[in-house]
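In the working numbering, the protein residues as written are 46 to 142.
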Amino acid sequence: MYAGKVVESGPARSVFDSARHPYSAGLSWSSRPSARRSRATDPEVPGDPPDLTEQIVGCAFAPRCARASAECTAAEPPLDTVGPHEVACFHPLDGTR
Ligand code: SF4
């Protein structure tokens, strides 16, 4: 969930190990023990959550997303099938690290 909406769903272990949405990927890495993390490849989640009292146009995660494009700020991404997950993202990760 991000900004009150589902951004990724699927089998828990699969989402944790091979997240396709940039936000869930950042969360799964942030929650791992530091011994298993690499600073060089850690897709941290910078910035702050959106103000939900304001109207959000496009993807709510765009201001915090390194993969954001003009498409992301123009329309809300639909929840689509990406591998074994349902993902709301125009530029999902491929599930590999
Ligand atoms: S739709 Fe765009 S801004 Fe939103 S998570 Fe995907 S790549 Fe990032």
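C-beta atoms are modelled at their ideal positions from N, C-alpha and C, and glycine is treated no differently.
By the Cβ rule, the segment 46-55 counts as touching the segment 91-109, because three or more pairs are nearer than 8 Å. Setting aside the 5 residues that flank it on each side, Gly92 is surrounded in the same chain by Pro108 and Arg109, each with a C-beta closer than 7 Å to its C-beta; the list follows chain order. With a 10 Å radius around the Cβ and a threshold of 16 neighbouring Cβ atoms, Ser63 comes out buried. Sequence-distant Cβ neighbours of Pro67 in its own chain, meaning closer than 6 Å and more than five residues away, are Cys110 and Arg112. Sorted by chain position, residues whose beta-carbon lies closer than 5 Å to a non-hydrogen atom of the ligand SF4 are Pro67, Cys104, Phe106, Ala107, Cys110, Arg112, Ala113, Cys117, Pro122, Cys134, Phe135 and His136. Under the DSSP assignment, Thr126 falls in the beta strand (DSSP E) whose first and last residues are Leu124 to Val127. Within the same chain, Glu116, Cys117 and Pro122 come within 6 Å of Phe135 by CB-CB distance, once the 5 residues on both sides are set aside. Closest in alpha carbon position to Pro56, among Asp139, Leu138 and Glu131, is Glu131. Listed as beta-bridge partners of Glu131 by DSSP are Ser54 and Thr126.
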